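Just below is one structure, and these are the notes that go with it.
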Amino acid sequence: MNLVHVIIGLEPSGAELFLLRLCKEQLKRYDKVTVISLTTEGSLTDAFKSAGVNIVALGMKSGLDMFRACWLLRQELLRIKPDLVQSWMYHADLLTALVKLAMPRIPLIWSIRCTEVPAGNKFTYFVMKCCACLSSFVPDRITCVAAAAKVKHIAYGYNLQKLIAIPNGYNFESLQFNAEERDSIRSRLGLSSELVLGAVGRYHQDKGQDILIEALAQHKTAEWKLILVGRYCDANNQELKSKIELAGLTDRIILAGEQSNVSAWLSAFDAFVMPSRTEGFPNALAEAMAVGLSCIATKVGDAALLAADTVILCDANVNSLRDALAHLFDMDSAARQALGALASNRVHSEYSMQKAAINYHQLYSELVK
Numbered sequence: 231m232n233l234v235h236v237i238i239g240l241e242p243s244g245a246e247l248f249l250l251r252l253c254k255e256q257l258k259r260y261d262k263v264t265v266i267s268l269t270t271e272g273s274l275t276d277a278f279k280s281a282g283v284n285i286v287a288l289g290m291k292s293g294l295d296m297f298r299a300c301w302l303l304r305q306e307l308l309r310i311k312p313d314l315v316q317s318w319m320y321h322a323d324l325l326t327a328l329v330k331l332a333m334p335r336i337p338l339i340w341s342i343r344c345t346e347v348p349a350g351n352k353f354t355y356f357v358m359k360c361c362a363c364l365s366s367f368v369p370d371r372i373t374c375v376a377a378a379a380k381v382k383h384i385a386y387g388y389n390l391q392k393l394i395a396i397p398n399g400y401n402f403e404s405l406q407f408n409a410e411e412r413d414s415i416r417s418r419l420g421l422s423s424e425l426v427l428g429a430v431g432r433y434h435q436d437k438g439q440d441i442l443i444e445a446l447a448q449h450k451t452a453e454w455k456l457i458l459v460g461r462y463c464d465a466n467n468q469e470l471k472s473k474i475e476l477a478g479l480t481d482r483i484i485l486a487g488e489q490s491n492v493s494a495w496l497s498a499f500d501a502f503v504m505p506s507r508t509e510g511f512p513n514a515l516a517e518a519m520a521v522g523l524s525c526i527a528t529k530v531g532d533a534a535l536l537a538a539d540t541v542i543l544c545d546a547n548v549n550s551l552r553d554a555l556a557h558l559f560d561m562d563s564a565a566r567q568a569l570g571a572l573a574s575n576r577v578h579s580e581y582s583m584q585k586a587a588i589n590y591h592q593l594y595s596e597l598v599k
């Protein structure tokens, strides 16, 4: 099979990292896999190329450049002659839909990676609604990263008959507890006997760092430290620093910023907290579970489906998260480790990368005869 993936860019984020893992699995099965970036070659490009993936960058600079990008995309598809095209996220879905109108014989799969449109993003909402209008007659199938995303997008107006849910998969070789990394990071940060909580995610309203800060402010008598890992979770973020100072937690919260070796930081945590207001399939939670951390997560996206009874679940508000943290603080070390072991067993058995690749292959086989 000659397969083409289309995505807006190749900077490290949930969809892009999953696509990298998926392409590596697909190259074990298919003749040729190409990824077309609508914008530029991003920092993940070398990883894709090293895996044997062909990379094409179209150089789109903004939404105003959309029609030129469509023309270039069509030219590349005519050159590559793929058996199937899969696009990733709303903007790429819309552009591939426009090209598909002129190339109707190539099977097209759209991929939805979120449950709800990011808060406050009116242009993305407009693009999503355009896709909803086209969903009945342009794509052959539409995959959702989460069952919750499927339900939400039916409400947005997407064609029910086209939608299916295929959850993420993970390569667990890179998600292992590492005692050396744990000791190194904790020593560097001056951490000792206190309970070290960790949260991973870019600083954004959707990710709920403000909820977590307010909830922790009600637990000042407990012995804990929080490490925030993720893009914009650093000392240059004055808005975040102000929230921490206002809560009186300056000496309790460590801003680690964006990190390339997230699994090492997971090893440094004693417990993981996901305070998100919205998620699709929560990658950070799955990775924390895989490492064997006891976890708290808000019941958003497919978090409850992923976690089952192996994670402390709560609503996405301060009071509910405060109570979940109280439950965690009341647990002894052995109880937290036992909960983390259950979480790890669940993720390893249900969410391997091999299983996700098989699910996609079965879908492709229905469309490519």
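Last residue of the sequence shown: 599 (the working numbering), numbering continuous. Glycine included, C-beta positions come from ideal geometry on N, C-alpha and C. Keep in mind it's a predicted model, so treat the numbers as computed, not measured.
In angstroms, rounded to a whole number, what distance separates the CA positions of residue i and residue j?
{"i": "isoleucine 237", "j": "isoleucine 266", "result": "6 Å"}
{"i": "alanine 327", "j": "glutamine 305", "result": "15 Å"}
{"i": "glutamine 439", "j": "cysteine 525", "result": "16 Å"}
{"i": "glycine 282", "j": "histidine 383", "result": "34 Å"}
{"i": "phenylalanine 499", "j": "arginine 412", "result": "8 Å"}
{"i": "lysine 359", "j": "alanine 379", "result": "15 Å"}
{"i": "asparagine 547", "j": "leucine 427", "result": "18 Å"}
{"i": "tryptophan 340", "j": "glutamine 256", "result": "17 Å"}
{"i": "tyrosine 386", "j": "lysine 437", "result": "22 Å"}
{"i": "threonine 345", "j": "glycine 239", "result": "20 Å"}
{"i": "leucine 446", "j": "serine 472", "result": "15 Å"}
{"i": "cysteine 363", "j": "tyrosine 388", "result": "7 Å"}
{"i": "tyrosine 581", "j": "serine 563", "result": "27 Å"}
{"i": "glycine 293", "j": "isoleucine 415", "result": "42 Å"}
{"i": "leucine 458", "j": "aspartate 261", "result": "41 Å"}
Should residue i be labelled buried (16 or more other beta-carbon atoms within 10 Å of its own) or exposed?
{"i": "cysteine 374", "result": "buried"}
{"i": "threonine 269", "result": "buried"}
{"i": "cysteine 544", "result": "buried"}
{"i": "lysine 258", "result": "exposed"}
{"i": "aspartate 539", "result": "exposed"}
{"i": "serine 417", "result": "exposed"}
{"i": "cysteine 361", "result": "buried"}
{"i": "serine 490", "result": "exposed"}
{"i": "threonine 480", "result": "exposed"}
{"i": "alanine 527", "result": "buried"}
{"i": "histidine 235", "result": "buried"}
{"i": "proline 397", "result": "buried"}
{"i": "alanine 568", "result": "exposed"}
{"i": "glutamate 424", "result": "exposed"}
{"i": "aspartate 532", "result": "buried"}
{"i": "valine 381", "result": "exposed"}
Determine the contact status of residue i and residue j, defining contact as a CB-CB distance below 8 Å.
{"i": "leucine 274", "j": "proline 312", "result": "no"}
{"i": "asparagine 401", "j": "methionine 561", "result": "no"}
{"i": "valine 263", "j": "leucine 302", "result": "no"}
{"i": "tyrosine 590", "j": "leucine 247", "result": "no"}
{"i": "glycine 431", "j": "alanine 514", "result": "yes"}
{"i": "leucine 485", "j": "alanine 465", "result": "yes"}
{"i": "alanine 429", "j": "methionine 504", "result": "yes"}
{"i": "leucine 308", "j": "alanine 299", "result": "no"}
{"i": "isoleucine 336", "j": "valine 315", "result": "yes"}
{"i": "proline 369", "j": "leucine 331", "result": "no"}
{"i": "phenylalanine 278", "j": "leucine 324", "result": "no"}
{"i": "proline 512", "j": "leucine 535", "result": "no"}
{"i": "lysine 492", "j": "glutamate 517", "result": "Lysine is not the amino acid found at residue 492; the sequence shown has valine there. It is a contact, given that the beta carbons lie within the stated cut-off."}
{"i": "leucine 551", "j": "isoleucine 441", "result": "yes"}
{"i": "arginine 507", "j": "glutamine 435", "result": "yes"}
In the DSSP output, which residue or residues are listed as bridge partners for residue i?
{"i": "lysine 455", "result": "Val426"}
{"i": "glycine 487", "result": "Val459"}
{"i": "alanine 494", "result": "DSSP lists no partner for alanine 494."}
{"i": "leucine 393", "result": "Ile372"}
{"i": "lysine 262", "result": "Asn232"}
{"i": "asparagine 284", "result": "Thr264"}
{"i": "cysteine 525", "result": "Phe502"}
{"i": "isoleucine 542", "result": "Ile526"}
{"i": "isoleucine 342", "result": "Cys374"}
{"i": "serine 582", "result": "Tyr400"}
Assign residue i to one of three DSSP states: helix, strand, or coil.
{"i": "glycine 510", "result": "coil"}
{"i": "methionine 504", "result": "strand"}
{"i": "glutamine 316", "result": "strand"}
{"i": "isoleucine 336", "result": "coil"}
{"i": "histidine 449", "result": "coil"}
{"i": "asparagine 351", "result": "coil"}
{"i": "valine 548", "result": "helix"}
{"i": "serine 174", "result": "Residue 174 cannot be examined here, being either before or after the span of the chain that is shown, 231 to 599."}
{"i": "isoleucine 238", "result": "coil"}
{"i": "serine 417", "result": "helix"}
{"i": "tyrosine 388", "result": "coil"}
{"i": "tyrosine 400", "result": "strand"}
{"i": "serine 574", "result": "helix"}
{"i": "serine 595", "result": "helix"}
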